[in-house]
Amino acid sequence: MSQRWSNLLVWAGTIAFVVLVSKTAWAGNPVNGTSLTNLVVLALPLAGIIAMAASGLVVVYTTTGIFNFAQGAIGMFLAYVDWELTVHHGWPQLFVLPLVVLVIAPLLGIGLDRAIMRHLQGKALVVQLSVTVGLMFAFIGLANMLWNQNTAHSMPALFQGEGFHIGQVLLTWHRFITIVVAVALAIGLRILLFQTRIGIAMRAVVDNRDLAALGGARSSVLSSFAWALGCSLAALAGILLAPETADMSTTTLTFLIITAFAAAVVGRLRSLPLTYLGALILALATQWSGSFLRFSERWTNVPDALPTIMLFIVLLLLPRAEIQFARIGQVRRVERVSSVRDAAIGMLALLVFIVVMSMFVLSNTDTTNLSRFALGMCTALVALSLVPLTGWAGQVSLAPLAFAGIGAVAYARLGGAHGSIWAVFLAALVTVPVGALFAFPAMRLQGLYLALATLAFAAMVEEVFYSQPFAIGAGERSVQPVHLLGIDFTSKRAFLILVTVVFGLCGIGIVALRRSAFGRRLVALRDSEAASVTVGVNVLETKLAVFALSAGIAGFAGAFFAMNAGTLNGPTGFEMIAGLPIVLALVIGGVGFVAGALFAGIFGLSLVIIQSDWHISLWIGLTYLAPGLAVLGIIQNPSGAVVPIGEGFARLLPWRHDARRDYEEMTAATAEPEVGGLGLERPFEEADVLLVDRELGISNEVPRAVAAARSG
Amino acid sequence: MGLLEIEEVSVQFGGLLAVDDASISVPAGCVTGLIGPNGAGKTTLFNVITGLQAPSGGRVVLDDVEVTRRRPYRRARLGIARTFQRLEAFGSLTARENVLVALEMRRRWATARYDCGKIADELLERVGIAHVAETRVEALPTGSARLVELARALATDPKVLLLDEPSSGLDEQETDALGVLLHELTAGGLAVLLVEHDMPLVMEACSYISVLDFGRVIARGTPREIQADPSVQRAYLGTAKAAS
Chain F
1 MSQRWSNLLV
11 WAGTIAFVVL
21 VSKTAWAGNP
31 VNGTSLTNLV
41 VLALPLAGII
51 AMAASGLVVV
61 YTTTGIFNFA
71 QGAIGMFLAY
81 VDWELTVHHG
91 WPQLFVLPLV
101 VLVIAPLLGI
111 GLDRAIMRHL
121 QGKALVVQLS
131 VTVGLMFAFI
141 GLANMLWNQN
151 TAHSMPALFQ
161 GEGFHIGQVL
171 LTWHRFITIV
181 VAVALAIGLR
191 ILLFQTRIGI
201 AMRAVVDNRD
211 LAALGGARSS
221 VLSSFAWALG
231 CSLAALAGIL
241 LAPETADMST
251 TTLTFLIITA
261 FAAAVVGRLR
271 SLPLTYLGAL
281 ILALATQWSG
291 SFLRFSERWT
301 NVPDALPTIM
311 LFIVLLLLPR
321 AEIQFARIGQ
331 VRRVERVSSV
341 RDAAIGMLAL
351 LVFIVVMSMF
361 VLSNTDTTNL
371 SRFALGMCTA
381 LVALSLVPLT
391 GWAGQVSLAP
401 LAFAGIGAVA
411 YARLGGAHGS
421 IWAVFLAALV
431 TVPVGALFAF
441 PAMRLQGLYL
451 ALATLAFAAM
461 VEEVFYSQPF
471 AIGAGERSVQ
481 PVHLLGIDFT
491 SKRAFLILVT
501 VVFGLCGIGI
511 VALRRSAFGR
521 RLVALRDSEA
531 ASVTVGVNVL
541 ETKLAVFALS
551 AGIAGFAGAF
561 FAMNAGTLNG
571 PTGFEMIAGL
581 PIVLALVIGG
591 VGFVAGALFA
601 GIFGLSLVII
611 QSDWHISLWI
621 GLTYLAPGLA
631 VLGIIQNPSG
641 AVVPIGEGFA
651 RLLPWRHDAR
661 RDYEEMTAAT
671 AEPEVGGLGL
681 ERPFEEADVL
691 LVDRELGISN
701 EVPRAVAAAR
711 SG
Chain D
713 MGLLEIEEVS
723 VQFGGLLAVD
733 DASISVPAGC
743 VTGLIGPNGA
753 GKTTLFNVIT
763 GLQAPSGGRV
773 VLDDVEVTRR
783 RPYRRARLGI
793 ARTFQRLEAF
803 GSLTARENVL
813 VALEMRRRWA
823 TARYDCGKIA
833 DELLERVGIA
843 HVAETRVEAL
853 PTGSARLVEL
863 ARALATDPKV
873 LLLDEPSSGL
883 DEQETDALGV
893 LLHELTAGGL
903 AVLLVEHDMP
913 LVMEACSYIS
923 VLDFGRVIAR
933 GTPREIQADP
943 SVQRAYLGTA
953 KAAS
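Those protein sequences? They're chains F and D, same order as listed. In case it helps, my numbering puts the first sequence at residues 1 to 712. In case it helps, my numbering puts the second sequence at residues 713 to 956.
So this is what it looks like as structure tokens:
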């Protein structure tokens with residue numbers, strides 16, 4: 001479909017959607033000069049806050065190429081710092097606000113850049129995303145630890161909420177200041193980017209990083225500056241937003257600022273004027289729905305979903321990405337492809353371990369722990385759905401748990417209430433077309449934009465899907481574990497073993513798939529789309545297949561989630577925010593490996609156990625903090641933790657003669673050439689020859705063809 | 713009439729006319745050279761032929777079938793294969809797997825049944841990299857990785873093969889071997905379009921040469937004619953006036 005037609009379709013769909021929603025949810029308030037003035041007066045401060053946060057995202061993204069998921073969390077955290085100093089210690093806001101925005105925030109930004117972000121340059125997108133998502137969790141976790149969320153916090157508005165009237169609506173000084181600051185920032189950023197030396201260098205970096213560096217732009221200074229500025233903008237947005245929220249909940253504050261994603265994408269993450277426009281449209285839409293529309297029952301959460309709906313629509317309107325050529329200097333991945341036999345042995349070992357555990361360590365009356373282990377295996381199964389999609393095909397999805405949720409609902413509705421075995425497969429089958437639909441935006445959107453689209457999708461599913469009467473509706477739905485071969489798996493022990501067997505079989509299947517033509521084609525597509533199409537690979541067909549496969553596995557996993565939970569209650573257990581740690585844990589473990597998925601399951605399980613069994617207040621924040629901090633490990637080892645673990649282990653196995661050789665070869669392939677002392681303090685060995693040859697692009701052996709040519 | 717006909721193709725990037733009304737004929741059974749200074753539009757023309765770049769005007773005809781509006785994968789299935797100037801190998805796959813991907817795709821539209829593994833080994837042997845078959849391509853030296861691309865392109869059993877600077881990264885002996893291989897391939901009826909900076913290789917291997925400068929075909933003929941052409945010398949060396 002041509003760009004023009006698909007855009008027309010999206011626009012028509014958007015208008016139809018807006019008209020339909022406005023018509024059905026119309027609250028009956030009169031639309032006149034007064035109500036429209038009120039609308040605008042209420043929308044402008046909101047637009048200002050969104051614009052500030054979004055500008056921070058844009059400045060950082062354009063200068064460093066990293067999309068900062070943690071923007072909202074940084075704003076939240078610094079708003080709490082401001083709260084601590086003003087409310088808790090009683091310092092005057094007039095002093096604290098500049099202190100936080102102009103001193104603490106820039107220092108935090110520079111620290112983040114130096115310690116973390118700089119090391120992400122040139123890493124795979126999924127790694128970059130995971131680290132900033134992890135950072136978001138870390139900040140939420142840290143804030144939860146420092147400021148007890150069981151007591152409400154509140155931040156007074158500037159000038160104690162006084163203000164003046166425009167028409168009938170009160171515009172507080174706080175909101176007025178917000179608008180003024182946003183406008184001043186727009187002017188200030190414009191001057192910075194167009195009139196100052198550092199700003200011009202930043203814009204040069206946007207156009208061509210390498211060229212700007214050659215022209216003398218010091219990218220390290222620029223990236224520190226961008227992060228400092230980004231954090232300042234986040235702080236400003238967070239502090240101005242905090243008094244507008246009811247209780248300063250850490251997650252609310254964080255996710256309100258995530259609204260900024262939509263505005264930033266309107267500016268295609270480059271243009272600040274368009275970003276401001278996006279913020280304005282979003283604020284107007286939010287106020288429009290707040291002032292004139294009433295949502296009830298199944299649509300209650302639609303207003304919350306507005307930013308993500310807008311994000312989704314804007315993403316669909318982006319121009320089609322051109323065929324991707326491989327990036328020069330891409331990450332050297334370590335991808336040992338295990339054999340089906342090894343996978344089968346591993347899975348058998350896992351099964352034996354789980355059986356022994358459930359027989360001798362966990363008693364059958366200890367349903368809590370058995371249920372946690374089963375949840376861990378279900379999580380591993382969801383993570384497995386990303387192995388072909390993200391690990392091999394390189395399509396980053398942040399919505400695996402949303403697909404699992406759809407699968408869980410499908411299971412509950414299609415026979416899971418009495419444990420029909422068919423319902424499990426129907427759950428997968430129902431999810432497949434939903435996932436396959438994603439192949440179409442995935443044809444247009446590459447990389448980051450696709451990841452954002454999946455995130456928006458996950459949020460939309462959370463807000464509007466589960467509340468539908470055909471899904472779960474207002475009440476609960478109870479489900480039974482399947483009956484299979486005359487066994488009902490209502491006993492938690494039997495269920496745990498069942499899920500383990502299912503994971504094992506799926507894992508072996510996935511390993512076999514990687515070794516098949518389809519698996520090779522997926523990796524080829526990721527490594528070079530341009531080369532793939534020139535050997536005849538149909539990209540749409542391939543993406544359809546892998547999205548369908550991934551969604552199917554996630555839906556299948558969802559059925560087991562539902563069985564383990566026993567009842568389904570709204571989005572509980574399938575929230576967007578619950579899905580992100582699964583992605584993180586998988587990336588930490590190794591996104592291209594079945595063992596990485598198992599790692600994700602074990603990671604989730606350990607978190608649950610530590611959190612509920614260790615009664616130390618420090619661990620309260622751990623749900624968020626642990627994945628956030630753990631993900632930093634992948635900066636050092638982007639292939640994932642299971643690679644060194646697996647290779648170290650495999651070398652000890654008597655039948656794995658090849659493992660030691662592979663290990664050495666891989667160490668040589670991934671090591672950075674170390675020249676110091678070579679030939680002087682240590683001998684010039686075969687591995688060094690290989691390394692130097694590879695770096696210089698020299699062929700170290702004369703191919704046989706040459707010999708043949710000579711003799712002939 | 714060539715097997716591949718590029719007819720009056722133009723490509724516009726904003727205000728820049730990268731390819732300007734270029735027509736080139738690539739006959740079967742011989743190597744056609746495409747030379748020109750850097751930035752002349754050679755790689756852009758390759759992208760147009762393979763469908764990675766839409767032309768702003770003109771036609772691409774393969775074996776009397778117009779393919780200008782076909783998607784890249786369809787053109788590959790019709791028999792156009794290429795290598796890339798900047799390596800586009802599947803880096804995390806082994807050399808053998810790179811070739812297998814192409815063979816396994818071809819099995820979908822090829823009429824004859826065949827054993828992918830066996831043919832992959834034969835192709836790797838043929839281009840001279842059988843000894844690194846099980847090495848992942850990103851760990852290979854550039855020259856070998858280029859030969860992997862060549863083997864992968866041959867695996868699609870093309871009618872027309874586009875080679876974009878295949879000799880860069882190869883040493884002298886490997887380049888000689890490449891020349892021998894090109895002769896063998898064209899003897900089997902393959903049409904080859906060769907972009908190359910290595911002039912001895914071009915002059916030795918090509919039957920016809922087209923010269924591209926600023927997107928325009930400024931000369932075409934046999935190697936001997938091209939070497940004697942004053943406009944080519946101007947394009948490559950500049951005139952005495954321009955040089956001063």
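We put the beta carbon where it would ideally sit given N, CA and C, even for glycine.
Bridge partners of residue i, per DSSP?
i	result
G748(D)	According to DSSP, which records beta bridges pairwise, G748(D) is partnered with nothing at all.
F725(D)	L728(D)
F164(F)	L171(F)
A451(F)	The partner list for A451(F) (beta bridge, DSSP) is empty, contrary to what the question assumes.
L284(F)	Answer by DSSP bridge pairing: none, since L284(F) is not bridged.
V10(F)	Per DSSP, none; premise fails for V10(F).
E850(D)	Answer is none; E850(D) lacks a bridge partner.
R771(D)	E719(D)
W716(F)	Nothing about residue 716(F) can be reported from this structure: the residues present for chain F run from 1 to 712 only.
So, at 8 Å on beta carbons, what are the nonlocal neighbours of residue i in its own chain, with the 5 sequence-adjacent residues on each side left out?
i	result
H418(F)	Q480
I472(F)	V409, A412, Y466, L568, N569 and G570
P767(D)	V721, S722, V723, V731, V760 and T780
Is the beta carbon of residue i less than 7 Å from the beta carbon of residue j?
i	j	result
A714(F)	L414(F)	Summary: the structure shown does not reach residue 714(F), with chain F confined to residues 1 through 712, and so no result is reported for it.
T868(D)	V537(F)	no
A597(F)	A393(F)	no
A105(F)	A237(F)	no
T431(F)	I406(F)	yes
V41(F)	L171(F)	yes
L125(F)	G475(F)	no
R932(D)	S922(D)	yes
M248(F)	H153(F)	yes
V969(D)	V731(D)	No statement about residue 969(D) is possible, as the shown extent of chain D runs from 713 to 956 and does not include it.
W83(F)	M155(F)	yes
D876(D)	V907(D)	yes
F373(F)	L311(F)	no
I553(F)	S385(F)	yes
S516(F)	G590(F)	no
Once the 5 residues before and after residue i are set aside, which same chain residues still bring their CB inside 6 Å of it?
i	result
T259(F)	I50 and P307
L233(F)	M52, S55 and G56
L484(F)	I421
M443(F)	L540
Q330(F)	Only weak support exists for where Q330(F) lies, its pLDDT of 46 falling under 50; the coordinates are left without a value.
What whole-angstrom Cβ distance do residue i and residue j have, given they're in contact under 8 Å?
i	j	result
L890(D)	L882(D)	6 Å
L120(F)	I66(F)	6 Å
R808(D)	A832(D)	5 Å
I715(D)	T795(D)	It is Leu, not Ile, that sits at residue 715(D) in the sequence shown. The pair is not a contact, with the Cβ atoms about 18 Å apart (cut-off 8 Å).
P784(D)	L805(D)	In fact, because the Cβ distance is near 20 Å, the residues do not count as touching under 8 Å.
L29(F)	F295(F)	Residue identity check: residue 29(F) is Asn in the sequence provided, not Leu. Between F295(F) and N29(F) the Cβ distance is about 14 Å, and since that is not below 8 Å, they are no contact.
On a Cα-Cα basis, can you pick out the residue from the options that is closest to residue i?
i	options	result
V265(F)	V502(F), G290(F) and I309(F)	I309(F)
I602(F)	P644(F), L381(F), G230(F) and L386(F)	L381(F)
T744(D)	T823(D), Y785(D), G803(D) and T898(D)	T898(D)
E896(D)	T847(D), D732(D), R838(D) and A940(D)	R838(D)
F225(F)	L39(F), G199(F), G215(F) and P243(F)	G199(F)
E575(F)	V461(F), A204(F) and V533(F)	V461(F)
A349(F)	F255(F), P400(F) and G504(F)	G504(F)
V100(F)	Y80(F), N369(F), L214(F) and L112(F)	Y80(F)
G604(F)	E529(F), S371(F) and A650(F)	S371(F)
Please go through the same chain and pick out, in chain order, the residues whose beta-carbon is closer than 7 Å to the beta-carbon of residue i, but skip the five residues on each side of it.
i	result
M508(F)	One point to set straight first is that residue 508(F) is Ile, not Met, in the sequence displayed. These residues qualify, in order along the chain: V340, A343, A344 and M347.
A562(F)	A408, Y411, A412, G416, V479 and L568
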